[in-house]
Each structure stands twice: as structure tokens, then as C-alpha cells.
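I have placed the structure first, in the form of C-alpha cells, so that the comments after it can refer back to it.
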Ligand SMILES: Cc1cc2nc3c(=O)[nH]c(=O)nc-3n(C[C@H](O)[C@H](O)[C@H](O)COP(=O)(O)OP(=O)(O)OC[C@H]3O[C@@H](n4cnc5c(N)ncnc54)[C@H](O)[C@@H]3O)c2cc1C
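Residue numbers (the working numbering): 2 to 380.
And the structure:
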């Protein structure tokens, strides 16, 4: 494994750092709506124009064709510049696009990939259903064939940013008689068509990026199926591998910034030795997570798809994230309760971190994957 940066990596870092000083976007508005969409697409467009979109994506689809190490540098530098780039761009850039690169036809790649990188299209993910989360393969949204179309009926839930999305990567049941993993299809649904009803769900951090999405006779052309009909579970495994493996790199790297914010707060407010010991542990946790992530990036660079070790990193990320954000509110003491009045970043981070062991697959499910696929334990 080679973790040292090459001269090209250093040049890439310095150029990007200089560019970010001039071009950082405004912070995202608190509500999910047209203002957030405008901010996110403008940021993506300026990344694209400067050659900083799709760092590892093939050049023919508008990417830079660079290494995963340079992608990691991109995350480090945007985190260093305090830029929140996740938001509504996450699905398209981090796992729908990579899935299409891995499993789509040439025509699909040419049609969908450049608009993702240019910021012309926002994507969301319609995998989870009210009765199919961890056991995703039990999903029940149906898609029946009618000529050259599939006709969709059903409900998806926890769909982040559905209200401002143009496209949705989606899993549907196309063969109800097949064994549950074999009757599923992965397709792309146009979110602006009739028959789609979007109901935002408010959460304890007040923003409502979560939605419940209802489909009433929604038509999707067969040409928008990625992989073959009924072959969606294979394609979904690629999506989930990206989602568990590298999609969260940015959040992981930004945690070191949170720890430094906690250090500044502790210095300003004063805290006892026990609290400083917890802060030291938090720094060590972030350093160990970074080392695990670097190891994973090094492995993925040699193999085509992220492997099950992504689950190890995701598991550790979720737990470390919650521990660090809990420390943040403990350092604030009673003032940590001022969230309602002040939107205090550390308190917001604490409430948001409760989702870190759920989104993208819960910690229990990551443990199952590690047990079965990495340790070879029985189901
Ligand atoms: C921030 C965030 C963003 C999300 N965005 C999206 C999105 O955009 N699109 C989308 O489709 N989904 C999204 N989700 C949904 C997410 O994928 C699901 O919440 C997750 O897969 C868990 O499913 P569930 O909520 O139905 O919980 P359940 O599957 O009902 O699980 C409930 C509890 O039972 C445990 N459990 C279940 N099965 C097992 C098992 N076999 N062994 C041990 N324990 C088990 C779970 O770990 C959990 O603690 C998002 C979730 C979050 C938190």
C-alpha cells in the first residue's frame, strides 16, 4: 500500500486550495426548496467549469479521470475550506452516477452522466419503503410492463431531497412470482411527471429533506432500466457498495474540523481534565478513522468496485460521529440546549448525528456484512 502523495497530488492540492479561496459557495439555506437547489446547482456548475467535478469519473463524460487519492484530497480541501457540498448533489455524484458508469449502457452514460457533473440534474434515491429498509429486497413497489413502458405503483420513504430532484435511482418489483432478490429492477424515474406525489417529512433538526413519495400509474420507458429487467439486485449491490464505501468520505473528513471546533469551544469556555481526555480520544478516533479510510481508498484503487470493507468504515464512522457530537454538546453544557434559538452548529451536529448509524444501512446491518463477507461467519 502506498499512502505517500505524489508530486502531482501536491500540485493538485495547491491549485485546488487556491481556487477554493476565490470560489467558495455561500452556506446552504436551512430549508429544502428552490434556494437550496439554486445554491447547489450553481456550486456544481462552478466546480465543473473549473475542472473540479467528477475527479475520478472518465473524461469522456466530463470527469477528470484522476485517482481516488486525488478525490480524497478534494474532500480534505473542501472540508478545510468549510464547504458543505453534500446536500442535494450527494446521490447523483456519489452513487447514482458511479452505478451508471459501472452498469449502464453507452447511451445511458452519455445521456445522464454529463448533466450530473454540470449541475443540470439533481438525483434522489428511491430504495427504502415503509416495510423494506434493512431488508431492502422485500420491497413492494410494482412496475408492470405496458408496451415499451413500465407502469409504477407504490410508496417510497426517507427519500432525501425528492422535492427538488429531477431524477430518481429506484428499485421496483417487476416479477412478483420470482424469489425476492430475483424479481427486482433498477431504473431511473423522471421526478417531474404526473402521478408522483411528494410529501415532505419534518425531523428533529427541522429541515425536511426526507420525503415520502407515492407513485400512481407512473410511466418509465424500458430504455431507462439500468442492467436488465429483473436484474436490479446485482445493480443495487453496486450502488450500495459505493454508498457504504466511498460516498461518505466527505463527511468522515469533515469530522476532524468538528473536533477542532470542539477544541476551540473548550478553550474559550474552559473545561475540566476529564473533558480534555475525551477531546484527546476524539482526535485519536478521527485519526484512526482517517487511516482506515486511506487503507480502503488504497484497496479500491486496485480493484474496480468498493468491497465489503466499506461497511467496516461506515460502521466506525457512524459510531465515532455520534461520540464526537455528543462530546460537542457536553462541552457546551447547558448552552447546548440553545439550538431552538440559535441554530448552534454543535447542537445541530449532535441531533443530525443520530442518523449516522441508520442512513445508508444501519450499524447492525453493517455488522452482518462484516461478519459474513469479511470474517466468513455463518448467516
Ligand atoms: C439521513 C438518512 C438519509 C436517508 N436517505 C435515504 C434516501 O435518500 N433514499 C432511501 O431509499 N432511503 C434513505 N434512508 C433510509 C435508510 O436507508 C433506512 O432508514 C435504513 O436502511 C434502515 O431501514 P429502516 O429505517 O426501515 O429500519 P428497519 O430496517 O426497520 O430497522 C429497524 C431496526 O432493526 C434493526 N434490524 C433490522 N434488521 C436487522 C437484522 N437483520 N439484524 C439486526 N438488526 C436488524 C435495524 O438495525 C434497526 O435498528 C435514509 C436514512 C437516513 C437516516
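Even for Gly, the Cβ is constructed at its ideal location relative to N, Cα and C.
{"Item": "Counting C-beta neighbours from all protein chains within 10 Å, is the total for residue 377 16 or more, i.e. buried, or is it exposed?", "Value": "exposed"}
{"Item": "Would you decide whether residue 124 is buried or exposed? Buried here means 16 or more other CB atoms lie within 10 Å of its CB.", "Value": "buried"}
{"Item": "From residue 156 to residue 163, what distance separates their C-alpha atoms?", "Value": "13 Å"}
{"Item": "If you draw a straight line from the C-alpha of residue 139 to the C-alpha of residue 132, how long is it?", "Value": "8 Å"}
{"Item": "What residue does the alpha helix (DSSP H) around residue 259 start on, and which one ends it?", "Value": "250-270"}
{"Item": "What first and last residue would you give for the alpha helix (DSSP H) that runs through residue 215?", "Value": "Taken as a continuous stretch (DSSP letters only), residue 215 belongs to no alpha helix (DSSP H), being part of the beta strand (DSSP E) at 211-222."}
{"Item": "Using a Cβ distance threshold of 8 Å, determine whether the stretch 14-32 contacts the stretch 74-90, with at least three qualifying pairs required.", "Value": "yes"}
{"Item": "Count the C-beta pairs between the stretch 222-240 and the stretch 94-103 that are closer than 8 Å, then say yes if the count reaches three, no if not.", "Value": "yes"}
{"Item": "Less than 8 Å between the CB atoms is what I'm expecting for residue 211 and residue 202, so what's the real figure, rounded?", "Value": "4 Å"}
{"Item": "Can you tell me the Cβ-Cβ gap for residue 17 and residue 53, rounded? I've got them flagged as a contact below 8 Å.", "Value": "6 Å"}
{"Item": "Nearest to residue 291 by alpha carbon, out of 58, 175, 94, 311?", "Value": "311"}
{"Item": "Name the two residues that bound the continuous beta strand (DSSP E) containing residue 168.", "Value": "168-174"}
{"Item": "Is residue 149 close to chain D, meaning its C-beta is less than 8 Å from at least one C-beta of that chain?", "Value": "Of the protein chains in the structure, only one exists, and it is not chain D."}
{"Item": "Count the other CB atoms within 10 Å of the CB of residue 217; is the residue buried (16 or more) or exposed (fewer)?", "Value": "exposed"}
{"Item": "Return the chain-ordered list of same chain residues with a C-beta closer than 6 Å to the C-beta of residue 154, the five sequence neighbours on each side being excluded.", "Value": "143, 216"}
{"Item": "Starting from residue 292, trace the alpha helix (DSSP H) in both directions and tell me its first and last residue.", "Value": "274-303"}
{"Item": "Is any heavy atom in ligand 1 found nearer than 7 Å to the beta carbon of residue 304?", "Value": "no"}
{"Item": "Output yes or no for whether 8 Å exceeds the beta carbon distance between residue 182 and residue 361.", "Value": "no"}
{"Item": "Need the endpoints of the beta strand (DSSP E) that residue 153 sits in, please.", "Value": "150-157"}
{"Item": "For residue 322, collect the residues of the same chain with a Cβ closer than 7 Å to its Cβ; drop the 5 residues on either side in sequence, then sort them by chain order.", "Value": "256, 354, 357"}
{"Item": "Among residues of its own chain, excluding the 5 on either side of residue 110, which ones have a beta-carbon nearer than 7 Å to its beta-carbon?", "Value": "62, 101, 102"}
{"Item": "Using only the alpha-carbon positions, how far apart do residue 251 and residue 14 sit?", "Value": "15 Å"}
{"Item": "Return the CA-CA distance between residue 41 and residue 145, expressed in angstroms with no decimal places.", "Value": "35 Å"}
{"Item": "Helix, strand or coil for residue 179 per DSSP?", "Value": "coil"}
{"Item": "Report buried or exposed for residue 294, applying the criterion of at least 16 other Cβ atoms within 10 angstroms of its Cβ.", "Value": "buried"}
{"Item": "When the Cα of residue 266 is compared with those of 299, 337, 243, 196, which residue comes out closest?", "Value": "337"}
{"Item": "Taking 7 Å as the line, does the beta carbon of residue 202 fall inside it for any heavy atom of ligand 1?", "Value": "no"}
{"Item": "Just to confirm the assignment: which complete alpha helix (DSSP H) runs, minimum length 4, are found wholly within the stretch 46-121?", "Value": "69-81, 98-104, 107-119"}
{"Item": "Consult DSSP for residue 226 and reduce its assignment to one of helix, strand or coil.", "Value": "strand"}
{"Item": "Helix, strand or coil for residue 29? Go by DSSP, reduced to three states.", "Value": "coil"}
{"Item": "Does DSSP put residue 342 in a helix, in a strand, or in coil?", "Value": "Summary for residue 342: the model assigns pLDDT 44, below 50, so the residue's position carries little reliability, and this model does not support an answer."}
{"Item": "What's the call for residue 233, buried or exposed, on a 16-neighbour Cβ count within 10 Å?", "Value": "buried"}
{"Item": "Mark residue 78 as exposed unless 16 or more other C-beta atoms lie within 10 angstroms of its C-beta, in which case mark it buried.", "Value": "buried"}
{"Item": "Can you tell me whether residue 123 is helix, strand or coil according to DSSP?", "Value": "coil"}
{"Item": "Considering residue 186, what are the terminal residues of the beta strand (DSSP E) in which it resides?", "Value": "185-191"}
{"Item": "Heavy atom of ligand 1 less than 7 Å from the Cβ of residue 124, yes or no?", "Value": "no"}
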